[in-house]
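Number of protein chains: 2
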Amino acid sequence: MVNISAEIPAGFSLATVHAGFKYKNRPDLALIVSQSPARCAALFTTNLFQAAPVTVAMDNLKKSPVIRAILVNTGQANACTGDMGISNCRKTLEILADLLNMDPEDILPASTGVIGDHLKMDLFEKNLPRLVQNLGSSTGEEAAKAIMTTDTFPKTSSCRAQLSNSMVKFWGMAKGAGMICPNMATMLGFILTDLRIDHKLWQKILADSVNRSFNALTIDGDTSTNDCVLALANGQCKAEISGDEDLNQVVSALDKICSELAYKIVMDAEGGTKVLRVEVKGAKDNSQAKMAASAVGNSPLVKTAMYGQDPNWGRIVAALGRSGAQFNPSKVRVSLAGVEIFSSGRPLEMDRDSVFEPLLKGRDVDIQIHLGAGPGSYTLLASDLTEKYIEINARYRT
Amino acid sequence: MVNISAEIPAGFSLATVHAGFKYKNRPDLALIVSQSPARCAALFTTNLFQAAPVTVAMDNLKKSPVIRAILVNTGQANACTGDMGISNCRKTLEILADLLNMDPEDILPASTGVIGDHLKMDLFEKNLPRLVQNLGSSTGEEAAKAIMTTDTFPKTSSCRAQLSNSMVKFWGMAKGAGMICPNMATMLGFILTDLRIDHKLWQKILADSVNRSFNALTIDGDTSTNDCVLALANGQCKAEISGDEDLNQVVSALDKICSELAYKIVMDAEGGTKVLRVEVKGAKDNSQAKMAASAVGNSPLVKTAMYGQDPNWGRIVAALGRSGAQFNPSKVRVSLAGVEIFSSGRPLEMDRDSVFEPLLKGRDVDIQIHLGAGPGSYTLLASDLTEKYIEINARYRT
Chain A
7 MVNISAEIPA GFSLATVHAG FKYKNRPDLA LIVSQSPARC AALFTTNLFQ AAPVTVAMDN
67 LKKSPVIRAI LVNTGQANAC TGDMGISNCR KTLEILADLL NMDPEDILPA STGVIGDHLK
127 MDLFEKNLPR LVQNLGSSTG EEAAKAIMTT DTFPKTSSCR AQLSNSMVKF WGMAKGAGMI
187 CPNMATMLGF ILTDLRIDHK LWQKILADSV NRSFNALTID GDTSTNDCVL ALANGQCKAE
247 ISGDEDLNQV VSALDKICSE LAYKIVMDAE GGTKVLRVEV KGAKDNSQAK MAASAVGNSP
307 LVKTAMYGQD PNWGRIVAAL GRSGAQFNPS KVRVSLAGVE IFSSGRPLEM DRDSVFEPLL
367 KGRDVDIQIH LGAGPGSYTL LASDLTEKYI EINARYRT
Chain B
7 MVNISAEIPA GFSLATVHAG FKYKNRPDLA LIVSQSPARC AALFTTNLFQ AAPVTVAMDN
67 LKKSPVIRAI LVNTGQANAC TGDMGISNCR KTLEILADLL NMDPEDILPA STGVIGDHLK
127 MDLFEKNLPR LVQNLGSSTG EEAAKAIMTT DTFPKTSSCR AQLSNSMVKF WGMAKGAGMI
187 CPNMATMLGF ILTDLRIDHK LWQKILADSV NRSFNALTID GDTSTNDCVL ALANGQCKAE
247 ISGDEDLNQV VSALDKICSE LAYKIVMDAE GGTKVLRVEV KGAKDNSQAK MAASAVGNSP
307 LVKTAMYGQD PNWGRIVAAL GRSGAQFNPS KVRVSLAGVE IFSSGRPLEM DRDSVFEPLL
367 KGRDVDIQIH LGAGPGSYTL LASDLTEKYI EINARYRT
């Protein structure tokens, strides 16, 4: 049970297999195993329709937040599958626990794929032994490939943090391309570290980091039934946090992993050509800043304008005006790609087409907004909206 | 000053002219004049960025809700135009007031078109005299054409109500195709009646009727800086409301006008091929029903599924689950085009493709949802989302 990728934190092993759930010629079942019990911080979808693996994972974590393995399948989301969905999910954990010589409660399940379809139990039974045999033979990249649905590339991120007593490794992978497309349900994130850390602190810094990254992005405003982020800390490197400087190092490392994965999800947005960074400052408070940023980042008109490389400040201010955030319209300032385009209730005089033509060509576009109403701020990553998004989502059949 | 269309209520005259503001070969300036002072009920955009004509109309109505005329231009929205926008707007009313021998405060302005562009004052000066000369020579259909922007057809509605002492006429026109597209800012509605009615009651029943119609539709979730609905009652037919039966007749007539115009706006949605009627029942209360209906009607994934004629119940329930409405997922029932497709947390067993293929072909699709949580209900009209919407809004240049 050694790992072949240098970036994977100590004591974790990965495996993948092509079980044939849905996609051809692509691994579709992934396993993460920690050599020693790992503290698991976890965040789950807030959608009222919770998929079976979400329910089972929450149950297992309630019994104990100390976890040994994560099993992820793609193809079937096992959502809206009733009692049979729950018992199928538990059954897969029981088979795997037997093979790994663990308790089923030591393993967390995650599924992504079509809502309403049941897990293909015969394929689990046939392939789980092969998966366990493969343990340690898969790279991080291969594991990230095995959890993709409509994703066009695997999404991983890794970094190291130098603490006062040791070096710690962090590694993460995520999938997601429609944010959050309930058919291909949807955003999953897995983070591994060999840090030794108190469970409560681990949960808190994960939640903060996810709020700044995965929760601060939007592709189409929809959220799925299967979303989860699971973070395992197995303590293998013996490093512990001692003092604020160490804590800052860990928080930065986790932020780097989460924000890099979040960026890659938006970069891979269904049909997307842009990553819009919507930064709102000067709101009454942070929650009003979030309302303003969300209105802009979710506006189909802003998204289509950015796709069309049109410096359409009118759509941005109109979205701000309906966002629910409170401000004086004459105090609002808007910059696009670093150039101020609107202030004092009026567009600035300039030859907009020639100024913005070169600036809006690239993938990354910054939309900076100052509401002039207070100290609140919020930053959101958003995709644009294209014909390709429509095509993907109108042609996809249930 | 007589009117040439039989459906126009007594004492109102219409005029249109091609001033050349933006569109070629299409009238773009419209005038409504009431022979006698009319009580005006009015509703305006809630967007914090208010266009100059909205500010001026609200000012004039504050002085007195008794109005003689409405002047509407298309091409320039006169929004985000600062103090100059306000003074330009007032100037157009002064010129017109001189020509009509009225006070400028007797006239309400409305503008639709590109945000940020100033009114073309030279064209107003040149064409207002011609417009006044034309008074009485335009049909309702022609007036409705003169207020269009990206609309593909003029939107009018008319009806009569038999009150106990007389027959009353109602007529309305509206424009709107992106709901609400801030470039082509955007939804305007004008309603005329020869009823004699108390102003407070008129305002109240208009507000109720608009809540059930114009406020209960969504194309892209965006709202504009120029939206308004103005309703004039000039008392020319001498009919008054006496008793509840008469009031019901008037409310029904106004509902018919507003809902017919609202339907036509959704029918003309930019790139739209469907009119989705999202009916939510069984919510905890009406506001939760509205949250649920809005989440479904605004979901890009539901909209693209309906465009693709795909009975994709998964996207509907996932939108419900994130809507913020509270319910027990196992009690939710969903019908599509009259056929129950989801209940008890599970899709119903059927050959979905063959059942729904004929049902999802037409323009009108009903999505009926019962949340099983209380007496609240809400119905929303929504468009679908197509490649054509993207094309229109990505290619349109500021």
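Here the protein sequences line up with chains A and B, keeping their order.
Under our numbering, residues 7 to 404 are what the first sequence spells out, in order.
Under our numbering, residues 7 to 404 are what the second sequence spells out, in order.
Glycine residues also receive a C-beta, built at the ideal position from the N, C-alpha and C atoms.
So, is the C-beta of A:Y313 closer than 8 Å to a C-beta in chain B? Walking along the first sequence from the start, residue 313 of chain A turns up at place 307. Judged by the 8 Å Cβ criterion, A:Y313 is in contact with chain B.
Can you find at least 3 beta carbon pairs, one from the segment 317-331 of chain A and one from the segment 350-367 of chain A, that sit closer than 8 Å? yes
Mind reading off the beta-carbon distance from B:R136 to B:V23? Whole number of angstroms is fine, and I expect it under 8 Å. Translated into the one-based positions of the second sequence, residue 136 of chain B becomes position 130. Translated into the one-based positions of the second sequence, residue 23 of chain B becomes position 17. Indeed they touch by this definition, with Cβ atoms about 5 Å apart.
Would A:G278 pass as a contact of A:T224 if the rule is Cβ separation under 8 Å? In the first sequence, the residue the question calls residue 278 of chain A occupies position 272. In the first sequence, the residue the question calls residue 224 of chain A occupies position 218. Cβ atoms of A:G278 and A:T224: not closer than 8 Å.
Residues sharing a beta bridge with A:C234, DSSP: To locate residue 234 of chain A, count along the first sequence from 1; it is residue 228. Answer is A:F50 and A:L194.
When you compare each of B:L253, B:M154, B:M297 and B:V340 to B:M193 by their alpha carbons, which one comes out closest? Position 187 of the second sequence holds residue 193 of chain B. Considering only alpha carbons, the answer is B:M154.
Of the residues B:R218, B:A183 and B:R166, which one's Cα is nearest the Cα of B:D199? Residue 199 of chain B sits at position 193 when you count from the first residue of the second sequence. In the sequence under discussion, the amino acid at residue 199 of chain B is Thr, which differs from the Asp named in the question. Comparing Cα-Cα distances from B:T199 to each of B:R218, B:A183 and B:R166, the minimum goes to B:R166.
Outcome for A:R1 when other beta-carbon atoms lying within 10 angstroms are tallied against a minimum of 16: Lying before the first or after the last residue shown, residue 1 of chain A is absent from chain A, which here runs from 7 to 404.
Are the C-beta of A:G382 and some C-beta of chain B separated by less than 8 Å? Working through the first sequence from its first residue, we reach residue 382 of chain A at position 376. No, its Cβ sits nowhere closer than 8 Å to a Cβ of chain B.
Given a threshold of 16 other Cβ atoms within 10 Å of its Cβ, counted over all protein chains shown, does A:E251 qualify as buried or as exposed? Taking the first residue of the first sequence as position 1, residue 251 of chain A is located at position 245. With fewer than 16 other Cβ atoms within 10 Å, it is exposed.
Neighbour list for B:L194 in chain A, Cβ cutoff strictly below 9 Å: In the second sequence, counting from the first residue as 1, residue 194 of chain B sits at position 188. By Cβ distance, chain A contributes nothing, its closest Cβ being about 16 Å from B:L194, past 9 Å.
Evaluate B:G88 with the Cβ neighbour count: other Cβ atoms within 10 Å of its Cβ, from every protein chain shown; 16 or more gives buried, anything less gives exposed. The residue you call residue 88 of chain B lines up with position 82 of the second sequence. Exposed.
Would you tell me roughly how many angstroms separate the C-alpha atoms of A:N254 and A:Q139, rounded to the nearest one? Sequence index remark: in the first sequence, residue 254 of chain A carries index 248 (1-based). Sequence index remark: in the first sequence, residue 139 of chain A carries index 133 (1-based). Looking at the two C-alpha atoms, the distance is approximately 39 Å.
With a threshold of 8 Å on Cβ separation, who are the neighbours of B:N94 within its own chain once the five nearest residues in sequence on each side are excluded? Here the question's residue 94 of chain B lines up with position 88 in the second sequence. Hits under 8 Å: A58, N84, T87, H124, L125 and M127.
DSSP on B:G288, reduced to helix/strand/coil? Within the second sequence, the letter at position 282 stands for residue 288 of chain B. B:G288 falls in the strand class under three-state DSSP.
How many Å lie between B:V338 and B:R321 at the Cα? Here the question's residue 338 of chain B lines up with position 332 in the second sequence. Here the question's residue 321 of chain B lines up with position 315 in the second sequence. C-alpha separation (whole angstroms): 14 Å.
For the segment 323-357 of chain B, which residues have a CB atom closer than 9 Å to at least one CB atom of chain A, in sequence order? V323, A324, A325, L326, G327, R328, S329, A331, Q332, F333, N334, P335, S336, V338, F348, S350, G351, R352 and P353
Of all the CB atoms in chain A, is at least one closer than 8 Å to the CB of B:A400? The residue labelled residue 400 of chain B in the question sits at position 394 within the second sequence. By this cut-off, B:A400 is an interface position.
Can the beta-carbon of A:I247 be found closer than 8 Å to that of A:V256? Within the first sequence, residue 247 of chain A is the residue found at index 241, counting from 1. Within the first sequence, residue 256 of chain A is the residue found at index 250, counting from 1. Yes. Within cutoff.
Alpha helix (DSSP H) segment containing A:A63, residue limits: Locating residue 63 of chain A in the first sequence gives position 57, counting from the first residue. A58 to K69 is the extent of the alpha helix (DSSP H) around A:A63.
Does the beta carbon of B:T279 sit closer than 8 Å to a beta carbon anywhere in chain A? In the second sequence, counting from the first residue as 1, residue 279 of chain B sits at position 273. No, its Cβ sits nowhere closer than 8 Å to a Cβ of chain A.
Near A:L386, which residues of its chain fall below 7 Å by C-beta distance, leaving aside the five closest residues on each side in sequence? The residue labelled residue 386 of chain A in the question sits at position 380 within the first sequence. Excluding sequence neighbours, A:L386 sits near A222, L223, T224, V284, A299, S300 and G303.
Specify the secondary structure class of B:T98 as computed by DSSP and reduced to three states. As a position in the second sequence, residue 98 of chain B is number 92, starting the count at 1. Three-state result, B:T98: helix.
Go through its chain and collect everything with a Cβ distance to A:M7's Cβ below 8 Å, but skip five positions before and after it. Position 1 of the first sequence, counting from 1, holds the residue named residue 7 of chain A. Note that A:M7 scores a pLDDT of 44, beneath 50, so its modelled location is shaky; the value from the coordinates is reported in the next line. So the qualifying residues of the chain are S19, V39, Q41, L141 and G142.
Of all the CB atoms in chain A, is at least one closer than 8 Å to the CB of B:E397? Within the second sequence, the letter at position 391 stands for residue 397 of chain B. Judged by the 8 Å Cβ criterion, B:E397 is in contact with chain A.
So, with DSSP's three-state summary, where would you put B:N189? Counting from 1 along the second sequence, the entry for residue 189 of chain B is found at position 183. Because B:N189 carries a pLDDT of 44, less than 50, the predicted location of this residue cannot be relied on, and no value is offered for it.
Pick helix, strand or coil for B:E246, following the three-state DSSP scheme. Residue 246 of chain B sits at position 240 when you count from the first residue of the second sequence. Note: B:E246 maps to strand in three-state DSSP.
List the residues of chain B whose Cβ lies closer than 7 Å to the Cβ of A:E393, in chain order. Start at 1 with the first residue of the first sequence, and residue 393 of chain A comes out as number 387. Result: E393, I396 and E397.
May I ask you to list, following chain order, the residues of the segment 72-93 of chain A that have a beta carbon less than 7 Å from some beta carbon of chain B? C86 and G88
For B:N171, count neighbouring C-beta atoms within 10 Å of its own C-beta (all shown protein chains included) and say buried if the count is 16 or more, exposed if not. To locate residue 171 of chain B, count along the second sequence from 1; it is residue 165. Under this definition B:N171 is an exposed residue.
To the nearest angstrom, how far is the alpha carbon of A:F176 from that of A:S164? The residue you call residue 176 of chain A lines up with position 170 of the first sequence. The residue you call residue 164 of chain A lines up with position 158 of the first sequence. Straight-line Cα distance between these residues: approximately 6 Å.
Using a Cβ-Cβ distance under 8 Å, would A:L386 count as near chain B? Translated into positions along the first sequence, residue 386 of chain A becomes position 380. So no, A:L386 is outside the interface.
Verify the contact flag: A:L387, CB atom, against every heavy atom of the ligand NAD, threshold strictly below 7 Å. The model on display carries no ligand, and the ligand NAD is accordingly not part of it.
Run down chain C in chain order and give the residues with a C-beta less than 7 Å from the C-beta of A:T310. The structure shown contains no chain C; its protein chains are A and B.
Can you give me, in chain order, the residues of the segment 47-60 of chain A that have a beta carbon less than 9 Å from any beta carbon in chain B? T51, T52, N53, L54, F55 and Q56
Looking at the unbroken alpha helix (DSSP H) that takes in A:F362, where does it start and where does it end? Along the first sequence, read from residue 1 onward, the residue named residue 362 of chain A stands at position 356. That run of the alpha helix (DSSP H) goes R358 to F362.
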